[in-house]
Structure formats: structure tokens, C-alpha cells
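So the mapping is simple: my numbering equals the position in the sequence shown, first residue as 1, plus 4. Reading through the C-alpha cells given below for one structure.
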Amino acid sequence: MAEPRLTIAIDGVVGSGKTATARQVAAALGYRHLDTGAMYRAVALAAMRAGIAPGDTGALATLVASLRLEFGPGATGNRVSLDGNDVTDDIRLPEISRRVGAYADVPLVRRALVTRQQELGRLGGVVAEGRDVGTVVFPRAELKVLMVADLAVRARRRQAELAAKGVTIDLDVLTQDIARRDQEDAERDYGGTGRPADLVVIDTTDLTLQGQVDAIVALARARGA
Ligand code: DC
């Protein structure tokens, strides 16, 4: 009998490493990685390039309806392309990180992307990652995980990540930035209905990336993956 192809929904606080974790869990299970944040980033990038403000819902509706958004596997994770152009790196620029939230708050954008995400995950065998994947997008996912970690640890991880890229930033500045984004996330409405009863919370404060991946893979295996 073929193995069941589960749907796994991963959410996590800012800086919990959810994208890297979701990517590696998907690789370990031979599943697809669905990075929903990348989709919101791509829409924000397209809108900003077209000079469309988040409040211009008419123009946004036309843009979202005509956008060709494609995802393909690459050597180091998903590649994202917009109307045939690779935008994988562009969607991670700080300017996009700063402004994507305003576009992600627009209901018509959310509706369009949620529909697209549900189509992409229709057959299961997917590790979906994002704020609303366990509540709105895949409320019937077999495994729902929330990754949390202490603020200080998240700031130190972020500092180490930046240091590896040759960027030096004060720990206090990073801590304040993450705390502010936590607050923004807590205040935003993703259309969900609170925490799912079957949510598994994983505290990654004392875990390495490999440790978090192993923990989630073990949970998935226990559910038949
Ligand atoms: O996870 P990320 O930083 O790539 O997400 C980018 C933005 O999109 C962030 O502002 C949160 C938002 N987002 C969302 O509203 N719903 C999702 N399912 C995923 C991300």
C-alpha cells in the first residue's frame, strides 16, 4: 500500500526558523514545501513595482488576477518566479519585509492566495508554512505545529545569521525589531479562529535546526508519513 501523503502545517513566531525547518522537513519526507509567506512577498513585490498602494484595491484585484506566480524546486529550496522572471532573492529584500504586511492585510489578496495554496496542497504530501496554514488554509491538516522560542535566543540567532553575511548589528536593536514584529503579528487578523485544538507547540529555544527538523519528522512519522 502506498504511504499516506499527509498535509503538515507549520507556523512559528518571527525568527523561529520556520522556513528553513519547513524546507528540511519537506526534503526529509519527500514532500513539497509550500512557503506561503513567499507568495505574499511576491504579490507585494509586483504591486510595488507597478506603483500600486495597498489601499488601491481595484488595481490590486486586477494585478492579483493577472499575476503569473510560479514555484519550482531549486538547489537550495524553492525558486519563485513572477511573470517568468526569477524573484527568489528580490522578495527577501528588507524593503519588501517592511511593506509586505500591508498587502497581506488586504482581504482580496488573502482570498486569492489562500485559494491558490489550497489548490497547490490538494493532493497532500505537502509541508505548508505560514501564519494561517493550520487554521484557514488547511484546517484539516494531519499535523499542525507552532514553533516558539525565547526572544533573546531569536535575536542571537538572527545576529549570528547576519554575522555570517558580514553584517554587524547590535543585539539590542535586533531584539527590539523582533519584539516589534511579534507585536504586529499578534495584532493582525489572519481570518483564523484562534489556536486549533490539535496544535503541537514546539519550543525551539534549546534546539538546533536539525533538532527541530527531527522533532517534526518524528511527529509526522507517528502519524503515518
Ligand atoms: O513568513 P514571511 O516573513 O515570509 O511572511 C511575509 C509576510 O506575509 C509577513 O508580513 C506575514 C505575511 N503572511 C501572512 O499574512 N500569511 C501567511 N500565510 C504567510 C505570511
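Note that beta-carbon positions come from the ideal geometry of N, C-alpha and C, so glycine has one too.
Could you give the residue range of the alpha helix (DSSP H) that holds R225? L213 to A226
Quick check on DSSP: helix, strand or coil for A57? coil
For the beta strand (DSSP E) containing G16, list its first residue and its last residue. T11 to G16
Within this structure, are the beta carbons of I206 and A224 separated by less than 8 Å? no
Compare the beta carbon distance of L178 and R162 with 8 Å and say whether it is the shorter of the two. yes
Identified DSSP bridge partners for K148: Note: K148 sits in a beta bridge opposite A13 and L203.
Any chance the CB of G134 is under 7 Å from a heavy atom of ligand 1? True, at least one ligand heavy atom lies under 7 Å from that Cβ.
Could you check if V237 belongs to the surroundings of ligand 1, using beta carbon to heavy atom distance under 7 Å? Any question about residue 237 goes unanswered here, given that the chain covers just 5 to 229.
DSSP-derived helix/strand/coil call for V113: helix
Please name the residue, chosen from V17, A13 and A26, that lies closest to Q216 on a Cα-to-Cα basis. That would be A26, whose Cα lies nearest to the Cα of Q216.
One question on the structure: do L10 and R227 come within less than 8 Å of each other, judged by their Cβ atoms? yes
Measure the alpha-carbon distance for V131 versus P143 and round it to whole angstroms. 13 Å
R36 - DSSP class collapsed to helix/strand/coil: strand
Can you find the residues in the same chain that come closer than 6 Å, C-beta to C-beta, to Y35, ignoring five residues on each side of it along the sequence? G129, V130 and V131
DSSP three-state assignment for P77, whether helix, strand or coil: strand
So what does DSSP say about V84, is it helix, strand or coil? strand
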